[in-house]
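Below: one structure, written as structure tokens.
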Amino acid sequence: MTPPWEELPEQVTAVLSAAAEMVVARSAVPLSRDRLLETTDGVHGLLAVLTGSAGLRRLLGRRLGAGIDTEPATGLVAADPVAAERAAAAVQRLLTEHRRAQRREHRARRRAERPDAEQRRFSRLEHRVGDLRAARDRLEVQLATLREENRELRGTIENLDDELGQLRRHLEIAHARLERLQAVRDAAEEAPRPEPVPRATVGEDLSPTVRVLGGGTEIGGSCVLVTAGGSRLLIDAGTRPSGVDADSLAPEGIGELDTAPDAILVTHAHNDHAGWVPALLSRFPGVPVIASAATCDLLGTMWADSAKVMARRADSDESWAGGPLPPYRQSDVDRAVSALDALGCGRTRRVGALDVEMFEAGHIIGATGVVVTAGSHRIVVTGDVSLPGQLSVGGLRLPESAIGADLMLLESTYAGAGRLPPRQAIVDQFVADADRVLGRGGRILVPAFALGRAQEIALICRRHLPDAEVLVDGLARELSHAYQRHPGPDGERIAVFHGNVRPVEPGRTRQEIADERPCLVVSTSGMLTGGPAVAWARAILPDARSGLMVVGYQDADSPGSRLLGLADAGGGRMTLPDGDEPLEVAAHVGQYRLGAHATEDELVDVAARAQAAVVMPVHGRASAQRQFARRLQLRRQATVSATETWRPEP
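Quick note on numbering: the sequence shown equals residues 1 to 650 in this note's numbering.
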């Protein structure tokens with residue numbers, strides 16, 4: 001039988017032959033050029049390497065030069081990845097046609113050589129085999145149906161178990177609050193009654209001050225202190241992603257908080273906004289923590305995971321020496337959970353002399369901004385916001401009370417990031433690339449942040465890749481169960497685990513990896529610094545059929561960032577966390593900016609709608625914030641730096 005590559009156009013054969021020589025020369029394992037070219041699978045693999053490596057195509061173009069001037073050979077050495085994909089598809093069609101022709105020729109020879117009696121017997125056997133295959137297919141359909149019903153039943157049981165656990169926690173919290181109220185009442189009955197403090201009125205000038213204690217000119221460690229009339233409200237208390245010990249994890253200026261605030265308000269459950277709350281409550285026990293119902297539901301899981309990670313580091317990492325080991329433990333998490341106080345959007349809560357009203361911010365489920373009223377003054381803290389509606393959460397909804405405030409603290413995560421493609425265009429590209437990888441029998445890893453991004457990717461796959469098997473692993477699995485207890489943008493409960501999306505059962509990651517069937521896996525951590533995503537990456541990256549799709553921010557020193565740099569350079573080898581040996585990166589690696597923050601243009605629109613007297617950019621890079629502030633000033637919008645203490649003008 002003629003080798004498939006000899007039936008291809010001469011220039012295509014030249015490109016494949018040269019590519020095979022280069023691959024063999026660079027391979028860490030013994031390979032034969034002829035072995036690569038003599039089988040259809042070998043040629044398909046070579047085409048996958050070509051389309052996935054811009055560096056290899058560039059080297060081939062230089063080597064072969066003007067001798068390559070006709071399609072599809074020119075596409076195989078093109079710099080444009082789309083042209084390379086198109087050319088590879090054309091070659092694959094030629095190979096398919098060649099293979100079909102060979103099969104037809106082979107069957108014709110067999111029929112010509114077979115006697116009539118043998119032909120009849122063969123025909124009967126063929127019919128019998130067809131019947132058996134049909135029966136097998138029916139059984140497989142029945143088995144798949146039973147598996148799906150079993151999976152849905154397990155999911156229902158898990159949801160009921162989660163809800164029961166949540167009810168138990170709420171009961172424990174209510175019991176603890178009742179005991180505290182009883183103790184306060186008993187103490188009040190025994191103590192002399194003080195003179196009542198007059199309640200501040202709307203018209204009273206309380207002269208509020210606003211100090212940013214963290215997350216002003218950086219992304220992480222968000223913390224804002226609002227003081228007025230002797231009352232102190234702390235908005236957020238997050239950890240810093242780059243922190244390596246207790247001091248560097250805490251909000252930068254948290255040491256200025258020398259006395260207990262009247263309350264802590266958490267805008268959403270991400271660690272960079274809420275991760276330091278248990279440590280604060282270990283210093284200031286009894287302080288209530290106000291948040292939306294969904295955020296209250298998520299915080300216990302987020303804090304427990306952080307405590308577990310920090311305890312593990314404290315046991316093994318000398319960098320924690322000399323400080324608290326760790327900043328907080330599970331007992332502190334339990335105390336913080338018992339302090340949670342849910343507040344619905346649009347409702348007002350009194351905190352000393354201040355009134356607070358939360359509003360929907362988009363970003364992730366439960367995320368809110370807050371309007372703080374101090375007498376005649378109003379301060380708006382947006383938290384993290386997104387305008388375009390995601391599948392898992394709606395967009396920012398500014399209430400009337402947020403319009404015309406004295407000060408707006410506006411997040412600026414994407415300030416200076418330039419114009420991004422429309423979100424739907426990014427989703428379409430993600431879906432097309434995923435479909436292509438799964439179609440050739442590969443597996444896909446999507447390393448994603450456990451809260452928000454993982455659930456959004458799962459819902460995108462449910463809608464746009466209904467025939468693909470989608471797995472959710474790691475902490476994202478636990479948080480997805482919490483998502484399913486709360487309504488999405490359409491008012492219905494969010495069904496993350498439904499249809500083709502299912503969780504990886506605890507303890508089964510290794511078995512799922514070993515299965516090697518085509519699937520898309522959403523797993524933590526989002527930067528490949530740890531978690532099940534590292535084990536999945538170790539299995540997927542060396543496979544040229546497979547892919548790794550980055551959908552979130554990557555810190556400059558993270559493994560995810562190094563992997564993207566390697567892909568841009570045309571491939572190579574890298575060592576994953578907890579790995580001893582570098583592994584070859586043969587899989588397709590792509591980046592898809594599916595952010596959950598407002599773009600700079602959208603932030604400008606938010607500022608214009610809010611009409612605040614002064615805007616303070618926070619939660620961003622200082623240099624980008626300065627450019628953003630100048631853009632606002634050109635629109636006659638006054639601004640102030642997050643490094644300054646703000647007070648209303650007399």
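Glycine included, each C-beta is placed from N, C-alpha and C at the ideal position.
All values reported here derive from a predicted model rather than from experimental measurement.
Check, Outcome
"Under the three-state DSSP convention, the category His-588 falls into", "strand"
"DSSP state of Ala-263 mapped onto helix, strand, coil", "strand"
"Limits of the beta strand (DSSP E) - the one that Pro-503 falls within", "501–503"
"Whole-angstrom distance between Val-370 and Leu-438, CA atom to CA atom", "44 angstroms"
"Stretch pair the stretch 401–411 + the stretch 426–433: three plus CB contacts closer than 8 angstroms", "no"
"C-beta atoms of Thr-524 and Ala-514 nearer than 8 angstroms", "no"
"Phe-430 - containing beta strand (DSSP E), residue span", "From DSSP, Phe-430 is part of no beta strand (DSSP E) but of the alpha helix (DSSP H) over 423–439."
"Segments assigned alpha helix (DSSP H), at least 4 residues, entirely inside the stretch 543–588", "559–568"
"Beta-carbon proximity check, Pro-241 vs Gly-214, cutoff 8 angstroms", "no"
"First through last residue of the beta strand (DSSP E) which encompasses Glu-411", "407–411"
"Assigned exposure category for Gly-255 - 16 Cβ within 10 Å defines buried", "exposed"
"At least 3 beta-carbon pairs within less than 8 angstroms: the stretch 259–266 vs the stretch 345–359", "yes"
"Among Glu-516, Pro-506, Asp-580, Ala-101, nearest to Gly-441 - alpha-carbon criterion", "Glu-516"
"Bridge partner(s) assigned by DSSP for Asp-341", "Ile-290"
"Other residues of its chain near Thr-529: CB distance less than 7 angstroms, five sequence neighbours each side excluded", "Ser-558, Pro-559, Pro-577"
"Run of the alpha helix (DSSP H) containing Ala-48, from where it starts to where it stops", "40–52"
"Burial state of Leu-445, where buried means 16 or more other Cβ atoms lie within 10 Å", "buried"
"Nonlocal neighbours in the same chain, by C-beta distance under 8 angstroms from Gln-633, ignoring five residues either side", "Thr-639"
"Nearest neighbour of His-270, chosen from His-98, Cys-223, Gln-11, Pro-422 [CA to CA]", "Cys-223"
"Assigned exposure category for Ile-157 - 16 Cβ within 10 Å defines buried", "exposed"
"Simplified DSSP state of Glu-195, which is helix, strand or coil", "The pLDDT assigned to Glu-195 is 39, lower than 50, so where the model puts this residue is not dependable; a value taken from the coordinates is nonetheless given after this. In this structure, Glu-195 counts as coil in the three-state DSSP scheme."
"Nearest residue (CA-CA) to Leu-398, options Gly-570, Cys-345, Asp-137, Arg-103", "Cys-345"
"Among Cys-296, Ala-87, Ala-228, Ala-237, nearest to Leu-343 - alpha-carbon criterion", "Cys-296"
"Stretch-stretch touch, CB-based, cutoff 8 angstroms, three pairs: the stretch 60–74 with the stretch 9–23", "yes"
"CA-to-CA distance, Val-551 to Arg-453, given in whole angstroms", "8 angstroms"
"For Pro-487, three-class secondary structure by DSSP", "strand"
"Counted within 10 angstroms of its Cβ, other Cβ atoms place Phe-359 as buried (16 or more) or exposed", "buried"
"Cβ pair count under 8 angstroms reaching 3, the stretch 605–621 against the stretch 570–587", "no"
"Ala-361 vs Val-385 beta-carbon contact at 8 angstroms", "yes"
"Sheet register partners of Arg-232 (DSSP bridge)", "Thr-227"
"Beta-carbon separation (whole angstroms), Gly-238 vs Ala-291, contact threshold 8 angstroms", "So it is not a contact: roughly 13 angstroms between Cβ atoms."
"8 angstroms Cβ cutoff met for Ile-540 and Ser-392", "no"
"Exposure label - Ala-101; buried when at least 16 CB within 10 Å", "exposed"
"Beta-carbon spacing of Ala-450, Ala-415 below 8 angstroms", "no"
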